[in-house]
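Asks: Counted the way full-length UniProt numbering counts, the sequence shown spans residues 1 to 308.
Beta carbons: idealized from backbone N, C-alpha and C, even for Gly.
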Amino acid sequence: MSTQTAPAPAESAAPPVARKPAGAARPARAPRQWTSKAVVNGLLVVFAAYTLMPLTWLVIASTKNHRDLFRTNPFELGDFNLFSNLQQLFTHDDGIYTRWLANSVLYSVIGSLLCTLISVACGYALDKYRFPGKEKLFGFVLVGVLVPSTVTAMPLYLLASKVGVVNTYWAVLIPSLASPFGVYLARVFSEGYVPNEVLEAARMDGAGELKIFTKVALPMLAPGFMTIFLFTFTSSWNNFYSALMMLNDEELYPVNLGIFAWQTSVMQQPELYQLMIVGSLVAVIPLILAFLGLQRFWRSGLTAGAVK
Numbered sequence: 001m002s003t004q005t006a007p008a009p010a011e012s013a014a015p016p017v018a019r020k021p022a023g024a025a026r027p028a029r030a031p032r033q034w035t036s037k038a039v040v041n042g043l044l045v046v047f048a049a050y051t052l053m054p055l056t057w058l059v060i061a062s063t064k065n066h067r068d069l070f071r072t073n074p075f076e077l078g079d080f081n082l083f084s085n086l087q088q089l090f091t092h093d094d095g096i097y098t099r100w101l102a103n104s105v106l107y108s109v110i111g112s113l114l115c116t117l118i119s120v121a122c123g124y125a126l127d128k129y130r131f132p133g134k135e136k137l138f139g140f141v142l143v144g145v146l147v148p149s150t151v152t153a154m155p156l157y158l159l160a161s162k163v164g165v166v167n168t169y170w171a172v173l174i175p176s177l178a179s180p181f182g183v184y185l186a187r188v189f190s191e192g193y194v195p196n197e198v199l200e201a202a203r204m205d206g207a208g209e210l211k212i213f214t215k216v217a218l219p220m221l222a223p224g225f226m227t228i229f230l231f232t233f234t235s236s237w238n239n240f241y242s243a244l245m246m247l248n249d250e251e252l253y254p255v256n257l258g259i260f261a262w263q264t265s266v267m268q269q270p271e272l273y274q275l276m277i278v279g280s281l282v283a284v285i286p287l288i289l290a291f292l293g294l295q296r297f298w299r300s301g302l303t304a305g306a307v308k
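#1: In the structure shown, what three-state DSSP assignment does Ile174 receive?
#2: Excluding sequence positions up to five away, which residues of its chain have a Cβ less than 7 Å from the Cβ of Leu287?
#3: With a threshold of 16 other CB atoms inside 10 Å of the CB of Thr51, please say whether the residue is buried or exposed.
#4: When we look at the beta-carbon of Gly111 and count the other beta-carbons within 10 Å, is it buried (16 or more) or exposed?
#5: Answer yes if the stretch 153-166 comes into contact with the stretch 87-103, meaning at least three C-beta pairs across the two stretches below 8 Å, and no otherwise.
#6: Are the beta-carbon atoms belonging to Tyr107 and Asn239 less than 9 Å from one another?
#7: Taking Leu244 as the reference, which of Ala201, Ala171, Gln268, Val143 has the closest Cα?
#8: First and last residue of the alpha helix (DSSP H) that includes Lys215?
#9: Give the secondary structure of Glu76 by DSSP, where H, G and I count as helix, E and B as strand, and everything else as coil.
#10: Arg67: which of Ile277, Val59, Asp79, Thr56 sits nearest, CA to CA?
#11: Does the distance from the CB of Val120 to the CB of Ile228 come in under 9 Å?
#12: Just to check my reading of the structure: Val198 and Gly123 have Cβ atoms closer than 8 Å, yes? What is that Cβ distance to the nearest angstrom?
#13: Measuring straight from C-alpha to C-alpha, what distance separates Lys128 and Ala38?
#14: Where does Pro54 land, buried or exposed, given buried means 16+ other C-beta within 10 angstroms?
#15: Quick check on the DSSP output: the alpha helix (DSSP H) that includes Ala153 runs from which residue to which?
#16: Looking at C-alpha atoms only, which residue of Gln274, Asp249, Tyr273, Trp262 is the closest neighbour of Asn103?
#17: For Gly42, count neighbouring Cβ atoms within 10 angstroms of its own Cβ and tell me buried if that reaches 16, exposed if not.
#18: Could you tell me whether the Cβ atoms of Pro175 and Ala186 are closer together than 9 Å?
#19: Short of 6 Å in beta carbon distance, which residues of its chain neighbour Ala125, apart from the five on each side in sequence? Order them along the chain.
#20: Mind checking Asn73: buried by the 16 CB within 10 Å criterion, or exposed?
#21: May I have the straight-line CA-CA distance separating Ala178 from Cys115, to the nearest angstrom?
#22: The alpha helix (DSSP H) with Gln88 in it runs from where to where?
#23: May I ask which residues mark the beginning and end of the alpha helix (DSSP H) holding Val141?
#24: Is Lys64 helix, strand or coil by DSSP?
#25: My output table needs one value for Asn41: the three-state DSSP class, helix, strand or coil.
#26: Among Met246, Gln88, Ile96, Gly279, whose alpha-carbon lies nearest the alpha-carbon of Lys162?
#27: Apart from the five residues on each side of it in sequence, which residues of its chain come closer than 7 Å, Cβ to Cβ, to Leu82?
#28: Evaluate Lys308 with the Cβ neighbour count: other Cβ atoms within 10 Å of its Cβ, from every protein chain shown; 16 or more gives buried, anything less gives exposed.
#29: Quick check on the DSSP output: what are the complete alpha helix (DSSP H) runs of length 4 or more inside the stretch 227-270, in order along the chain?
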């Protein structure tokens, strides 16, 4: 008995793929990408305007006299009296504002330079040298970064009182020499900017460790040095609470503490209100100049170690 097998069904042929003609235009790209860019740029403009609004008001208010300051709109220009306001600022109370400005320069420039040099030296040592307890010491430095400055103000005041330097320049300068955050940044910069091979070559040439640091490592750390200096300078210039704790003599005040003293007396002396506004504008100018003058250093310094 013969069996016949049914023929297998023929496989269905795949449908031909339709090809676009050569001259056909591509569909227009969805405007989603342009919309997202417009939203991002719009948000950046809003945030920039919000950030610059207090500074804009400060500039406009500094050009007004005492009458226009309270009579006109906050962002409305009045009679231009900026130069007369500056003259009153620097001549009031025998030029006490000039003394405050000089004190701020002393505390910020001298203190920041010494603090930056100490921080760079410590960060370089923590990176390039091996000694027992190095990582534990670095961990202690990181703990110091987490402690707010307001917490250490009272212990520092008690120590300064024991030593007998309260109400002196040293009471503000000495605490500003220690910066745990500066030591941390200096170690990061040392890892990114100073190759170990260069130091070994200098040792083979007979250079001592101090000479290697000053002549070889420190020039390589110039961008990091200026970045740490800029952060330290900004922090020292804006230092208020420790100066308030340490100083009682008006002649030793930094500029921000002096403006605060004017603010506490503005109810008894209304003319101090205008001086306080103009003094705040003048106090901002050194920070702006520092950022503009050192931007080429801190821009390159902030990218240290980003690319290996």
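Replies: Taking the geometry as given:
#1: Start at 1 with the first residue of the sequence shown, and residue 174 comes out as number 174. Ile174: coil per DSSP, three-state reduction.
#2: Residue numbering aside, residue 287 sits at position 287 when the sequence shown is read from its first letter. Here the set comprises Thr234, Trp237.
#3: By one-based count along the sequence shown, residue 51 stands at place 51. So Thr51 ends up on the exposed side.
#4: Position 111 of the sequence shown, counting from 1, holds the residue named residue 111. Within 10 angstroms of the beta-carbon of Gly111 lie 16 or more other beta-carbons, which makes it buried.
#5: In short, these stretches do not touch, since the Cβ pair count stays below three.
#6: Position 107 of the sequence shown holds residue 107. Position 239 of the sequence shown holds residue 239. Yes; because the gap between Cβ atoms is below 9 Å, this pair is in contact.
#7: Translated into the one-based positions of the sequence shown, residue 244 becomes position 244. With distances taken between Cα atoms, Leu244 lies closest to Ala171.
#8: For the purposes of this step, residue 215 is identified with residue 215 of the sequence shown, where counting begins at 1. For Lys215, there is no enclosing alpha helix (DSSP H), as DSSP gives it neither H nor E.
#9: Residue mapping note: residue 76 aligns to position 76 of the sequence shown, counting from 1. The answer is coil: DSSP assigns Glu76 none of H, G, I, E or B.
#10: On the sequence shown, position 67 is the one that residue 67 refers to. Residue Asp79 is the option with its Cα nearest to Arg67.
#11: The residue given as residue 120 occupies position 120 in the sequence shown. The residue given as residue 228 occupies position 228 in the sequence shown. For Val120 and Ile228, yes; Cβs fall inside 9 Å.
#12: As a working mapping, residue 198 is identified with position 198 in the sequence shown. As a working mapping, residue 123 is identified with position 123 in the sequence shown. Between Gly123 and Val198 the Cβ distance is about 17 Å, and since that is not below 8 Å, they are no contact.
#13: Along the sequence shown, one-based indexing puts residue 128 at 128. Along the sequence shown, one-based indexing puts residue 38 at 38. Taking the straight line from one Cα to the other gives about 48 Å.
#14: Within the sequence shown, residue 54 is the residue found at index 54, counting from 1. Exposed, since its Cβ has fewer than 16 Cβ neighbours within 10 Å.
#15: Within the sequence shown, numbered from 1, the residue matching residue 153 stands at position 153. For Ala153, the enclosing alpha helix (DSSP H) covers residues 149-163.
#16: Along the sequence shown, one-based indexing puts residue 103 at 103. Of Gln274, Asp249, Tyr273, Trp262, the residue nearest in Cα terms is Asp249.
#17: Walking along the sequence shown from the start, residue 42 turns up at place 42. Counting C-beta atoms within 10 angstroms of its own C-beta, Gly42 has fewer than 16 neighbours from the protein chains shown and is therefore classed as exposed.
#18: Residue numbering aside, residue 175 sits at position 175 when the sequence shown is read from its first letter. Residue numbering aside, residue 186 sits at position 186 when the sequence shown is read from its first letter. Their beta carbons are not under 9 Å apart, which means Pro175 does not touch Ala186 by this criterion.
#19: Residue mapping note: residue 125 aligns to position 125 of the sequence shown, counting from 1. If we look at Ala125 and ignore the five residues flanking it on each side, it has no Cβ neighbours.
#20: Counting from 1 along the sequence shown, the entry for residue 73 is found at position 73. Burial call: exposed.
#21: By one-based count along the sequence shown, residue 178 stands at place 178. By one-based count along the sequence shown, residue 115 stands at place 115. Those two C-alpha atoms are separated by around 6 Å.
#22: Stepping through the sequence shown from its first residue, residue 88 is reached at position 88. Here the alpha helix (DSSP H) through Gln88 covers 82-91.
#23: Here residue 141 refers to the residue found at position 141 of the sequence shown. In the DSSP annotation of this structure, the continuous segment of the alpha helix (DSSP H) that includes Val141 starts and ends at 134-146.
#24: Residue 64 sits at position 64 when you count from the first residue of the sequence shown. DSSP places Lys64 in coil when its eight states are reduced to three.
#25: Along the sequence shown, read from residue 1 onward, the residue named residue 41 stands at position 41. Three-state result, Asn41: helix.
#26: Mapped onto the sequence shown, residue 162 falls at position 162. With respect to the C-alpha of Lys162, the residue from Met246, Gln88, Ile96, Gly279 having the closest C-alpha is Met246.
#27: To locate residue 82, count along the sequence shown from 1; it is residue 82. Excluding residues within five positions, the ones whose Cβ falls inside 7 Å are Ser62, Thr63.
#28: Walking along the sequence shown from the start, residue 308 turns up at place 308. With a pLDDT of only 43 at Lys308, under 50, the local geometry of the prediction cannot be trusted, and no value is derived from it.
#29: With a minimum length of 4 residues, the continuous alpha helix (DSSP H) runs that stay inside the stretch 227-270 are 241-246, 255-264.
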